[in-house]
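Residue numbers (the working numbering): 154 to 455.
Presented below is the structure to which this report refers.
In structure tokens:
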């Protein structure tokens with residue numbers, strides 16, 4: 154058996170969770186895929202996959218071997234690319250995780266353009282707001298939006314996005330306009346679930362001050378909070394990549410422009426224990442080139 158081919162098939166089975174699906178994708182009989190995995194297990198002397206009539210799962214040895222196989226095949230791909238000279242062509246599959254709202258609004262068109270530009274690359278994109286482990290989930294890259302990146306993570310900064318304090322004209326007509334951050338304590342504030350709901354940071358006289366806020370509506374979706382804000386239910390603090398259209402249309406107004414919140418960094422994050430394949434580096438370069446360093450959505454905003 155070709156050892157590298159066996160590794161590739163093993164990775165496909167582990168990711169698909171099905172022998173039949175892999176066989177269909179490769180255009181071979183299911184028995185051929187089963188024999189490849191059995192031959193790999195016989196060579197290694199361990200069980201990689203625990204099978205049942207309804208499902209399969211990796212054994213502890215299979216989990217370790219899966220990660221090693223990915224590393225080995227990435228190195229093989231890199232070695233072949235190095236031998237091809239300076240014009241290394243991105244090829245192979247990329248598993249990418251992106252936040253839902255930012256991914257749909259801004260990354261989906263760019264991902265489509267990237268796939269069109271590089272026909273030998275395929276992408277599997279997971280739209281998910283949870284910050285899952287790249288290594289445990291077999292991801293090649295994730296887009297993370299945060300004001301403070303974990304210093305242990307391997308990452309490339311794509312661009313930044315401002316955090317803006319927003320309210321609808323109807324809300325301001327009814328409740329008044331806050332003039333300084335401290336005025337927010339007397340307003341209804343819409344909080345993002347999973348973050349520090351009770352205080353918002355602002356730069357006041359060169360220093361960051363945390364202003365206590367309160368409100369009756371919280372959500373784990375920026376789009377939901379934007380909708381509530383436009384309906385006049387309260388003041389929201391949202392990234393400019395979400396808020397820009399509503400601001401330009403006059404549906405929302407930017408408040409406290411003289412007291413900015415710390416910016417959010419938008420990063421491409423990579424598994425810390427892997428060589429970075431050409432295809433993944435090419436995707437990160439493409440996104441950074443198309444978006445940053447000054448993002449297009451901030452043009453013309455206060």
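By construction, the Cβ of each residue, glycine as well, lies at the ideal position given by its N, Cα and C atoms.
A quick note: this is a predicted structure, and the numbers were derived from the prediction, not measured.
In the DSSP assignment, find the beta strand (DSSP E) that holds residue i and state where it starts and stops.
{"i": "residue 391", "result": "388–392"}
{"i": "residue 182", "result": "Where residue 182 is concerned, there is no enclosing beta strand (DSSP E), given that its DSSP letter is neither H nor E."}
{"i": "residue 306", "result": "Unbroken run through residue 306: none, as it is neither H nor E."}
{"i": "residue 411", "result": "Segment: none, residue 411 is in no beta strand (DSSP E) and carries neither H nor E."}
{"i": "residue 317", "result": "316–320"}
{"i": "residue 299", "result": "294–299"}
Please say whether residue j and residue i have beta carbons closer to each other than 8 Å?
{"i": "residue 440", "j": "residue 311", "result": "yes"}
{"i": "residue 395", "j": "residue 254", "result": "yes"}
{"i": "residue 417", "j": "residue 351", "result": "no"}
{"i": "residue 298", "j": "residue 202", "result": "no"}
{"i": "residue 404", "j": "residue 321", "result": "yes"}
{"i": "residue 397", "j": "residue 316", "result": "no"}
{"i": "residue 193", "j": "residue 163", "result": "yes"}
{"i": "residue 373", "j": "residue 282", "result": "yes"}
{"i": "residue 381", "j": "residue 343", "result": "yes"}
{"i": "residue 252", "j": "residue 271", "result": "no"}
{"i": "residue 355", "j": "residue 409", "result": "yes"}
{"i": "residue 335", "j": "residue 364", "result": "yes"}
{"i": "residue 183", "j": "residue 176", "result": "yes"}
{"i": "residue 286", "j": "residue 353", "result": "no"}
{"i": "residue 157", "j": "residue 268", "result": "no"}
{"i": "residue 446", "j": "residue 245", "result": "no"}
Determine which residues share a DSSP beta bridge with residue i and list them.
{"i": "residue 371", "result": "344"}
{"i": "residue 379", "result": "Answer is none; residue 379 lacks a bridge partner."}
{"i": "residue 245", "result": "274"}
{"i": "residue 279", "result": "250"}
{"i": "residue 425", "result": "Residue 425 pairs with nothing; no bridge assigned."}
When you compare only the Cα positions, how much space is there between residue i and residue j?
{"i": "residue 239", "j": "residue 247", "result": "Note that residue 239 scores 49 on pLDDT, short of 50, meaning its location in the model is unreliable and no value can be drawn from it."}
{"i": "residue 180", "j": "residue 275", "result": "18 Å"}
{"i": "residue 386", "j": "residue 294", "result": "37 Å"}
{"i": "residue 288", "j": "residue 215", "result": "14 Å"}
{"i": "residue 366", "j": "residue 337", "result": "6 Å"}
{"i": "residue 375", "j": "residue 450", "result": "16 Å"}
{"i": "residue 170", "j": "residue 433", "result": "24 Å"}
{"i": "residue 428", "j": "residue 223", "result": "10 Å"}
{"i": "residue 237", "j": "residue 161", "result": "Residue placement at residue 237 is poorly supported in this model, since its pLDDT is 49, which falls under 50; the coordinates still yield a value, given next. Each residue's Cα considered, the two are about 22 Å apart."}
{"i": "residue 442", "j": "residue 261", "result": "15 Å"}
{"i": "residue 212", "j": "residue 266", "result": "38 Å"}
{"i": "residue 284", "j": "residue 292", "result": "12 Å"}
{"i": "residue 220", "j": "residue 187", "result": "20 Å"}
{"i": "residue 327", "j": "residue 437", "result": "46 Å"}
{"i": "residue 330", "j": "residue 411", "result": "14 Å"}
{"i": "residue 339", "j": "residue 319", "result": "15 Å"}
{"i": "residue 392", "j": "residue 360", "result": "21 Å"}
{"i": "residue 303", "j": "residue 422", "result": "10 Å"}
{"i": "residue 167", "j": "residue 435", "result": "26 Å"}
{"i": "residue 369", "j": "residue 383", "result": "16 Å"}
{"i": "residue 425", "j": "residue 306", "result": "7 Å"}
{"i": "residue 301", "j": "residue 341", "result": "27 Å"}
{"i": "residue 249", "j": "residue 296", "result": "8 Å"}
{"i": "residue 218", "j": "residue 174", "result": "21 Å"}
{"i": "residue 257", "j": "residue 204", "result": "37 Å"}
{"i": "residue 199", "j": "residue 399", "result": "58 Å"}
Taking only three categories from DSSP, how would you classify residue i?
{"i": "residue 332", "result": "coil"}
{"i": "residue 237", "result": "Bear in mind that a pLDDT of 49 at residue 237, under 50, signals an unreliable position, so the number given afterwards is only what the model happens to contain. If DSSP states are grouped into helix, strand and coil, residue 237 belongs with coil."}
{"i": "residue 450", "result": "helix"}
{"i": "residue 163", "result": "helix"}
{"i": "residue 354", "result": "strand"}
{"i": "residue 362", "result": "strand"}
{"i": "residue 156", "result": "helix"}
{"i": "residue 274", "result": "strand"}
{"i": "residue 288", "result": "coil"}
{"i": "residue 403", "result": "coil"}
{"i": "residue 192", "result": "helix"}
{"i": "residue 221", "result": "helix"}
{"i": "residue 171", "result": "coil"}
{"i": "residue 209", "result": "strand"}
{"i": "residue 204", "result": "strand"}
{"i": "residue 324", "result": "helix"}
{"i": "residue 418", "result": "strand"}
Kindly indicate the opening and closing residues of the alpha helix (DSSP H) around residue i.
{"i": "residue 444", "result": "431–444"}
{"i": "residue 262", "result": "261–270"}
Counting only beta-carbon separations shorter than 8 Å, does residue i have a partner in chain C?
{"i": "residue 309", "result": "Of the chains in the structure shown, none is chain C; there is only one protein chain."}
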